[in-house]
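If you're matching them up, the sequences are chains Z and Y in order. The numbering of the first sequence is the numbering used here, which starts it at 22 and goes up by one. The numbering of the second sequence is the numbering used here, which starts it at 18 and goes up by one. Heads up, the beta-carbon is just placed ideally off N, CA and C, and yes, glycines get one too. Contents: one structure, followed by commentary.
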Amino acid sequence: GNSVTQMEGPVTLSEEAFLTINCTYTATGYPSLFWYVQYPGEGLQLLLKATKADDKGSNKGFEATYRKETTSFHLEKGSVQVSDSAVYFCALSDLTGGSYIPTFGRGTSLIVHP
Amino acid sequence: DTGVSQDPRHKITKRGQNVTFRCDPISEHNRLYWYRQTLGQGPEFLTYFQNEAQLEKSRLLSDRFSAERPKGSFSTLEIQRTEQGDSAMYLCASSADRGKSPLHFGNGTRLTVT
């Protein structure tokens, strides 16, 4: 079956530090990969996506590259801000029994201090 | 695009009672998903609709859970004879009917079973 593994949190950083959140996946097919973000008190929202190998998704200074050879989709940001404090979820979407059913990781909490 | 809305935001019920949640997806989205999220975990898939047809259900889903999407618009999730283990955030998401489209989430319904 499909699964997503994320690094455990919380990740605690100072403002302007470099961020990496690791994500690896297992899939039976050729999935699309996503990062979602959940700010305090809000619903999950799409942060970025990549649909094929070597694609780089980017948004709001965040980037992730689809690495098929290592089955990874690590999230990076060069300089984090306090407003980036949130929970980040890695996810994949693949065809399962004729339907696209997204599978999520457990989430990684990011805390950024001023 | 008014987003995905869920009602109620919070529900407190006594063990053994039935509860029903409602989800209104983005109007042009054919796909509708229900997920459950507990503290420190990622969204766990419950069930999936394509228009009014319920195409997938998690094998982990108890028969106390039932979902409907009459006319392919809004959806309801009912839990009968609630148990304390049902306490969680119930998330609804919708997406366009195009390949591996990203999900648009509502803010969820938080259920507490006492």
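Touch check for the stretch 104–124 of chain Y and the stretch 53–69 of chain Y: three-plus C-beta pairs under 8 angstroms? yes
Measure from the C-beta of ALA107 (chain Z) to each C-beta in chain Y and report whether the shortest distance is under 9 angstroms. Indexing the first sequence from 1 puts residue 107 (chain Z) at position 86. Not closer than 9 angstroms to any Cβ of chain Y, the Cβ of ALA107 (chain Z) fails to qualify, so no.
Contacts that ASN68 (chain Y) makes with chain Z (C-beta to C-beta distance below 8 angstroms): The sequence position of residue 68 (chain Y) within the second sequence is 51, counting from 1. Within chain Z, no residue comes near ASN68 (chain Y); the closest Cβ sits about 12 angstroms away, beyond 8 angstroms.
What is the DSSP secondary structure of ASP24 (chain Y), counted as helix, strand or coil? Here residue 24 (chain Y) refers to the residue found at position 7 when the second sequence is read from its first residue. Correct three-state label for ASP24 (chain Y): strand.
Residues of chain C with CB under 7 angstroms from GLY126 (chain Z), in chain order? Looking for chain C here will not work: the only protein chains present are Z and Y.
Roughly how many angstroms lie between the CA atoms of LEU69 (chain Z) and THR93 (chain Y), to the nearest whole one? Numbered from 1 along the first sequence, position 48 holds the residue referred to as residue 69 (chain Z). Numbered from 1 along the second sequence, position 76 holds the residue referred to as residue 93 (chain Y). For LEU69 (chain Z) and THR93 (chain Y), the distance between alpha carbons rounds to 29 angstroms.
Nearest chain Z C-beta to VAL130 (chain Y) closer than 9 angstroms, yes or no? As a first step, residue 130 (chain Y) must be located in the second sequence, where it is residue number 113. No - not a single Cβ of chain Z is within 9 angstroms of the one on VAL130 (chain Y).
If you follow the beta strand (DSSP E) that SER130 (chain Z) is part of, which residue opens it and which one closes it? For the purposes of this step, residue 130 (chain Z) is taken as the residue at position 109 of the first sequence. Residues 129–134.
Closest residue to GLN23 (chain Y) among Y:PRO42, Y:GLN101 and Y:THR131 (Cα-Cα distance): As a position in the second sequence, residue 23 (chain Y) is number 6, starting the count at 1. The shortest Cα separation from GLN23 (chain Y) among Y:PRO42, Y:GLN101 and Y:THR131 belongs to Y:PRO42.
Does the beta carbon of LEU131 (chain Z) come closer than 9 angstroms to any beta carbon on chain Y? As a working note, residue 131 (chain Z) is residue 110 in the first sequence. No, its Cβ sits nowhere closer than 9 angstroms to a Cβ of chain Y.
Does DSSP put VAL36 (chain Y) in a helix, a strand or coil? Here residue 36 (chain Y) corresponds to residue number 19 of the second sequence, with the count starting at 1. Here VAL36 (chain Y) sits in strand by DSSP.
Expressed to the nearest angstrom, what Euclidean distance is found between the alpha-carbon atoms of LEU113 (chain Z) and LEU54 (chain Z)? Translated into positions along the first sequence, residue 113 (chain Z) becomes position 92. Translated into positions along the first sequence, residue 54 (chain Z) becomes position 33. Going by the C-alpha atoms only, they are around 4 angstroms apart.
If you run the structure through DSSP and keep just helix, strand and coil, what is GLN101 (chain Y)? In the second sequence, residue 101 (chain Y) corresponds to position 84, counting from 1. Three-state DSSP puts GLN101 (chain Y) in a helix.
Separation of SER35 (chain Z) from ASN47 (chain Y), as counted between CA atoms: Taking the first residue of the second sequence as position 1, residue 47 (chain Y) is located at position 30. Taking the first residue of the first sequence as position 1, residue 35 (chain Z) is located at position 14. Distance between the alpha carbons of ASN47 (chain Y) and SER35 (chain Z): 42 angstroms.
Using a beta-carbon distance below 9 angstroms, is PHE82 (chain Y) in contact with chain Z? Sequence index remark: in the second sequence, residue 82 (chain Y) carries index 65 (1-based). By this cut-off, PHE82 (chain Y) is not an interface position.
Using only CA atoms, which one of Y:HIS121, Y:LYS117, Y:LEU128 and Y:GLY123 lies nearest to THR72 (chain Z)? One-based indexing of the first sequence puts residue 72 (chain Z) at position 51. Here the closest residue by C-alpha is Y:LYS117.
Chain-ordered neighbours of SER120 (chain Z) on chain Y, where CB pairs are closer than 9 angstroms: As a first step, residue 120 (chain Z) is located in the first sequence; it is residue number 99 there, counting from the start. Simply ARG48, TYR65, GLN67, LEU72 and GLU73.
Selection from Z:THR91, Z:GLN59 and Z:HIS95 that minimises the alpha carbon distance to ALA107 (chain Z): Taking the first residue of the first sequence as 1, we reach residue 107 (chain Z) at position 86. The candidate whose alpha carbon is nearest that of ALA107 (chain Z) is Z:GLN59.
Would you mind sorting TYR50 (chain Y) into buried or exposed? The rule is 16 or more other CB atoms within 10 Å of its CB. By one-based count along the second sequence, residue 50 (chain Y) stands at place 33. Buried.
Answer yes or no: do GLY30 (chain Z) and LEU96 (chain Z) have a C-beta to C-beta separation smaller than 9 angstroms? Numbered from 1 along the first sequence, position 9 holds the residue referred to as residue 30 (chain Z). Numbered from 1 along the first sequence, position 75 holds the residue referred to as residue 96 (chain Z). No.
Nearest to GLN67 (chain Y) (by Cα), restricted to the options Y:PHE122, Y:GLU45, Y:ILE29 and Y:LEU56: The residue you call residue 67 (chain Y) lines up with position 50 of the second sequence. When only C-alpha atoms are compared, the closest one is Y:GLU45.
Taking C-beta to C-beta, are CYS82 (chain Z) and LYS98 (chain Z) nearer than 9 angstroms? Here residue 82 (chain Z) is taken as the residue at index 61 of the first sequence, counted from 1. Here residue 98 (chain Z) is taken as the residue at index 77 of the first sequence, counted from 1. Note that residue 82 (chain Z) corresponds to Gly in the displayed sequence, not to Cys. It is a contact, given that the beta carbons lie within the stated cut-off.
Output, in sequence order along the chain, the residues in the stretch 61–78 of chain Z whose CB is closer than 9 angstroms to any CB in chain Y. GLY62, GLU63, GLY64, LEU65, GLN66, LEU67, LYS70 and THR72
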